[in-house]
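Written out below as structure tokens is the structure these notes cover.
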Amino acid sequence: MNKWKAAFFILIILMILAAAGVWFALQQAFSPSEEAEPFIPPEAEEADTDSAPSFIVETTPQDADQWLQRELEGEQDNVSIYIDDFVYVETSIQALGLEVPIEIRFIPEPAEGGNLWLREDGFQAGPLSLPAREVFLLMQDVVELPPWMELVPDEESIYADLEQLDTGNFQIDVEEVNLQEETIRLRMTEQPEAS
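Here the UniProt record's numbering is used: the first residue of the sequence shown is 1, the next is one more, and so on.
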């Protein structure tokens with residue numbers, strides 16, 4: 001066999017090995033470290049609306065975003081959350097030695113017990129094309145959300161447990177969220193102070 005033909009076959013084999021190595025590295029980087037247990041939202045404590053004073057608050061996405069920015073101030077450095085026509089979460093993760101910017105767009109929907117689901121509606125992970133579930137699994141290991149928010153990779157969602165928010169002696173329940181119509185309706189119920 002002539003030396004150019006042998007060099008050509010060696011080059012082809014090296015290229016196949018390099019491609020297999022990159023594929024294996026990507027699989028390792030984006031595979032979950034352990035199988036996550038299914039997410040079960042916590043049982044909501046029902047507010048005693050018959051005896052406790054409550055009222056409905058209607059607001060706009062802009063006002064809700066201002067409140068959210070005040071609540072998140074100083075809580076986390078590696079993630080940005082803002083409200084506009086959707087709820088947006090921006091962060092970045094390290095993958096294969098590169099910092100990959102991630103932007104996820106969510107549609108908010110009320111959950112049982114007055115809490116809130118943020119359902120993934122679209123995302124961008126730098127130049128990479130990855131399944132949303134894989135991005136959520138990777139974010140779960142890397143991104144630190146506020147304690148009242150939990151990533152749920154199997155549902156490609158974030159669960160916001162509003163009962164964990166420090167709201168003084170009020171319980172906040174989400175009644176309706178429609179960002180396209182600029183409507184956010186919350187029920188505020190006064191809770192008796194714990195003795």
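Glycine included, each C-beta is placed from N, C-alpha and C at the ideal position.
All figures in this text were calculated on a predicted structure; none of them were measured in a lab.
Q.
Check this for me: beta carbons of Y159 and A111, under 8 Å apart or not?
A. The sequence position of residue 159 within the sequence shown is 159, counting from 1. The sequence position of residue 111 within the sequence shown is 111, counting from 1. Result yes, Cβ atoms of Y159 and A111 sit closer than 8 Å.
Q. Between E156 and R133, is the Cβ-Cβ spacing less than 8 Å?
A. Taking the first residue of the sequence shown as position 1, residue 156 is located at position 156. Taking the first residue of the sequence shown as position 1, residue 133 is located at position 133. Yes, the Cβ-Cβ distance between E156 and R133 is below 8 Å.
Q. Looking at the unbroken beta strand (DSSP E) that takes in E73, where does it start and where does it end?
A. Here the question's residue 73 lines up with position 73 in the sequence shown. Element bounds for E73: n/a, residue is neither H nor E.
Q: Evaluate the contact criterion for the region 167-185 versus the region 112-120: three or more CB pairs, one atom per stretch, below 8 Å.
A: yes
Q) For Q171, does the three-state DSSP call read helix, strand or coil? A) Here the question's residue 171 lines up with position 171 in the sequence shown. In the structure shown, Q171 sits in a strand (DSSP, three-state: E or B).
Q | Reduced DSSP secondary structure (H/G/I, E/B, other) of F86 | A | Locating residue 86 in the sequence shown gives position 86, where the first residue counts as 1. Residue state, collapsed to three classes: coil.
Q. Whole alpha helix (DSSP H) runs in the region 102-186 with 4 or more residues, listed along the chain?
A. 132-142
Q. From this set, F24, Q27, E58 and G21, which residue's C-alpha is nearest T183's C-alpha?
A. Position 183 of the sequence shown, counted from the start, is the residue given in the question as residue 183. Among F24, Q27, E58 and G21, the Cα nearest to that of T183 is on E58.
Q | Extent of the continuous beta strand (DSSP E) run through T59 | A | Sequence index remark: in the sequence shown, residue 59 carries index 59 (1-based). It spans S54 to T59 - the beta strand (DSSP E) in which T59 sits, taken as one unbroken run.
Q. Taking the DSSP output, what are the residues bridged to V100?
A. The residue you call residue 100 lines up with position 100 of the sequence shown. Paired residues: I93.
**Q.** Residue of F55, I10, P153 and G168 minimising C-alpha distance to T189
**A.** Translated into the one-based positions of the sequence shown, residue 189 becomes position 189. Closest option to T189, Cα to Cα, is F55.
Q: Less than 8 Å between the CB atoms is what I'm expecting for L145 and V79, so what's the real figure, rounded?
A: Position 145 of the sequence shown, counted from the first residue, corresponds to residue 145. Position 79 of the sequence shown, counted from the first residue, corresponds to residue 79. L145 to V79, Cβ: 6 Å. Contact.
Q: Under 7 Å Cβ to Cβ from residue 212, same chain only, skipping five residues before and after it: list those, please.
A: There is simply no residue 212 to check, as the chain begins at 1 and stops at 195 in what is shown.
Q. Looking only at C-alpha atoms, which of E109, P108 and F123 sits nearest to P101?
A. Sequence index remark: in the sequence shown, residue 101 carries index 101 (1-based). Looking at the Cα atoms, F123 is the closest of the given residues.
(Q) I'd like the list of long-range same chain contacts for P61, defined as Cβ closer than 7 Å, with 5 residues on each side in sequence excluded. (A) Here residue 61 refers to the residue found at position 61 when the sequence shown is read from its first residue. Result list for P61: I83, D84, L179, E182 and I184, in chain order.
Q | Candidates E109, L17 and S92: closest to E103 by CA position | A | Here the question's residue 103 lines up with position 103 in the sequence shown. Minimum Cα distance to E103 is reached at S92.
Q. How about L151 and Q140: are their beta carbons less than 8 Å apart?
A. Taking the sequence shown and counting its residues from 1, the one referred to as residue 151 is at position 151. Taking the sequence shown and counting its residues from 1, the one referred to as residue 140 is at position 140. For L151 and Q140, yes; Cβs fall inside 8 Å.
Q | Nonlocal neighbours in the same chain, by C-beta distance under 6 Å from A7, ignoring five residues either side | A | Along the sequence shown, one-based indexing puts residue 7 at 7. So no residue of the chain qualifies.
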